[in-house]
DNA sequence: ATCTCAATTGAAAAAGGTTATTTTTTATCC
DNA sequence: GGATAAAAAATAACCTTTTTCAATTGAGAT
Ligand SMILES: [Mn+2]
Ligand SMILES: [Mn+2]
Ligand SMILES: [Zn+2]
Ligand SMILES: [Zn+2]
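Chains as they are written, first to last, in our numbering: chain A, 89 to 244; chain B, 89 to 244.
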C-alpha cells in the first residue's frame, strides 16, 4: 500500500511513522522528509544490506535534492538509536540492515565466495557456545557477529 | 633466539625463512629483506592484530627506508598466499594475523565494548551449527568469522 | 664478476569512502 | 506568523588504501 506524502512514496504504516517520530522526539531530534525517505528505502529493501551510496541512489528517485552526506548522517543516527545495524562484508563499503528486535541478537549471514550472494540464517544456536565463553573467559556477551564463508547451492 | 641478518633482527628460524622463500619462489615471487622484515614483525607480535600502519612503524625501526606502500603490498601478498588473515574490527583499519593452520578455521574473537580489548577464543564449538546450516541451506562452509561483543572481566 | 630482465621498491599522487564545516533552509513550538 | 534550534545542502577536508612511475634490486645466465 503506497501513501504519497511530501512527494515521497511512503511504505511505512502510519503507526511506524508515528513510532519513529516519537523515538526521534524523545531524543530531541526531528522527523524530516529525508529521514523518513531514507528509513523507508531501507524497509522496502529489507534483506538487501544496502550501502549509503545505494540508499542514496534509491532515495534520490523520490527526493532528488538530497545529499549523500545526509544519508551518512541519517544512517549513523538510526544506528545510534538502535534502529539500524551497521555491517561489514569486506567489500569496501559499510552496509545497513534493520535491527529485528531490540532484545535479540542479530541473525547470521552466509556469504558465497563465488557469486557473493548473502543469505540470512535465523537459527541462532549459539547459546551453548556463548554460555561456555561467558564462564571460561569471564566475558559478558551482548551481541555477536557471525559470518560463514563458503559456496551456495548454485555455486558449489 | 635472535639472529642478525642484513641488519634486521630475525625471529624466524632458518627453516621458516627457507619455507617462505620456497613458497614465494613457487609463485614467481622473490624473498626480499622488506618482506622478511614485515613477516617477522607479524610473527613477533603474534596475537596483537597489527594494522599496516602499525606494522610499518615496527618495521621502520629495523628498516627505516621502507615505504608504507610496500607494507600494504606485502600483507596483501601474504594473505593471497594463505599466510596471513585479514581482519576487520570496525576501527577504521584492516588488521592482520597469522593463519594458524591451513586446514582449520580461524579462532573467534571477544571484543570489549568498553576498553576495546580483543581476546582470542580457541574453542570452536560450531560444528553442530555448521552441520545444520550446511544441510538446511545447502551451503558448503569453508570458513567462518565469529565476533562476540560484550564486556571483559575488567569492564563488566 | 658482469649482464640481463623481470620483479620489487619508495615517493608521490590519486582514489575512494566517510566525516567535518559552513551557510542556508526547515521543523517545531509559542 | 515569528522565534529558535535542528537539520539540510554543498563543499572541503580527512584518512586509509591503491596506483603510478622511475629507480633499484635479486636471481639466473653469460
Ligand atoms: Mn542480514
Ligand atoms: Mn586473533
Ligand atoms: Zn554463490
Ligand atoms: Zn574491557
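Where a beta carbon is used, it is the ideal one built from N, C-alpha and C, also for glycine.
Problem - residue 109 (chain A) versus residue 205 (chain A): straight-line alpha-carbon distance, rounded - result: 34 Å
Practice task
Verify the CB distance criterion: does residue 217 (chain B) have a CB-CB separation below 8 Å to chain A?
Solution key: yes
Problem - Residue(s) in a DSSP beta bridge with residue 233 (chain B) - result: Partner(s): A:235.
Practice task
Look at the alpha carbon of residue 89 (chain B) and the alpha carbon of residue 101 (chain B), and state the distance between them as a whole number of angstroms.
Solution key: Confidence at residue 89 (chain B) is low in this model, with a pLDDT of 36, below 50, so its placement is unreliable and the value that follows should be read with caution. One C-alpha to the other measures close to 9 Å.
Practice task
Spell out whether any CB of chain B is found under 8 Å from the CB atom of residue 221 (chain A).
Solution key: Chain B contact via Cβ: present.
Handout entry: Beta-carbon proximity check, residue 235 (chain B) vs residue 197 (chain B), cutoff 8 Å
Key = Cβ atoms of residue 235 (chain B) and residue 197 (chain B): closer than 8 Å.
Exercise for the section: Kindly indicate which three-state DSSP category residue 93 (chain B) falls into: helix, strand or coil? Expected result: Annotation note: pLDDT 46 at residue 93 (chain B) (below 50); position unreliable, coordinate value reported separately. Strand.
Problem - residue 173 (chain B) and residue 146 (chain B) closer than 8 Å at C-beta - result: no
Exercise for the section: Give the single residue among B:160, B:220 and B:229 whose Cα lies nearest to the Cα of residue 183 (chain B). Expected result: Out of B:160, B:220 and B:229, B:160 has the C-alpha closest to the C-alpha of residue 183 (chain B).
Handout entry: At least 3 beta-carbon pairs within less than 8 Å: the segment 149-169 of chain A vs the segment 206-223 of chain A
Key = Not touching, per the Cβ criterion.
Problem - heavy atom of ligand 1 below 7 Å from residue 219 (chain B) C-beta - result: no
Problem - Rounded straight-line distance, which links the Cα of residue 219 (chain A) to that of residue 136 (chain B) - result: 26 Å
Problem - heavy atom of ligand 3 below 7 Å from residue 239 (chain A) C-beta - result: yes
Practice task
Say yes only if the C-beta of residue 202 (chain B) is nearer than 7 Å to one or more non-hydrogen atoms of ligand 4, and no if none qualify.
Solution key: yes
Practice task
Could you tell me whether any Cβ in chain B is nearer than 8 Å to the Cβ of residue 203 (chain A)?
Solution key: For residue 203 (chain A), not one C-beta of chain B is nearer than 8 Å to its own C-beta.
Problem - Beta-carbon spacing of residue 176 (chain A), residue 231 (chain B) below 8 Å - result: no
Handout entry: Minimum Cβ-Cβ distance from residue 213 (chain B) to chain A less than 8 Å
Key = By this cut-off, residue 213 (chain B) is an interface position.
Exercise for the section: Ignore the nearest five residues each way along the sequence and tell me which others in residue 185 (chain B)'s own chain have a CB closer than 6 Å to its CB. Expected result: Answer for residue 185 (chain B): 137 and 173, listed in chain order.
Practice task
Check whether the Cβ of residue 124 (chain B) lies closer than 7 Å to any heavy atom of ligand 4, and answer yes or no.
Solution key: No, the Cβ of residue 124 (chain B) stays beyond 7 Å of every heavy atom of ligand 4.
Problem - Three-way DSSP call (helix, strand, coil) for residue 206 (chain A) in this model - result: strand
Exercise for the section: Measure the CB-CB distance between residue 139 (chain A) and residue 181 (chain A) and report whether it falls below 8 Å. Expected result: Yes, Cβ-Cβ distance for residue 139 (chain A) and residue 181 (chain A) is below 8 Å.
Handout entry: Neighbourhood of residue 237 (chain A) by C-beta distance below 7 Å, restricted to the same chain and skipping five residues each side
Key = 199 and 201
Exercise for the section: Within its chain, find whatever has a CB closer than 6 Å to the CB of residue 122 (chain A); leave out the 5 residues flanking it on each side and keep chain order. Expected result: 154 and 158
Practice task
Confirm the yes/no value for this check: CB of residue 243 (chain A), any heavy atom of ligand 3, distance under 7 Å.
Solution key: yes
Handout entry: chain A within 8 Å of residue 173 (chain B), Cβ atoms only
Key = no
Exercise for the section: Given a cut-off of 8 Å, decide if residue 228 (chain A) and residue 239 (chain B) are closer than it, judged by their beta-carbon atoms. Expected result: yes
Problem - For residue 243 (chain A), the nearest candidate out of B:226, B:243, B:143 and B:233 (CA to CA) - result: With distances taken between Cα atoms, residue 243 (chain A) lies closest to B:226.
Exercise for the section: Anything in the segment 176-210 of chain B with a Cβ closer than 7 Å to a Cβ of chain A? List those residues in chain order, please. Expected result: 176, 178, 198, 201, 207 and 209
Handout entry: CB-CB length for residue 143 (chain B) against residue 99 (chain B), believed under 8 Å
Key = The C-beta distance from residue 143 (chain B) to residue 99 (chain B) rounds to 14 Å, too long to fall under 8 Å, and the pair is not in contact.
Exercise for the section: Tell me whether residue 98 (chain A) sits in a helix, a strand or coil according to DSSP, three-state version. Expected result: In this prediction, residue 98 (chain A) has a pLDDT of 46, which is less than 50 and means its spatial position is unreliable; what the coordinates show is noted afterwards. DSSP places residue 98 (chain A) in strand when its eight states are reduced to three.
Practice task
List the residues of chain B whose Cβ lies closer than 7 Å to the Cβ of residue 228 (chain A), in chain order.
Solution key: 238, 239 and 244
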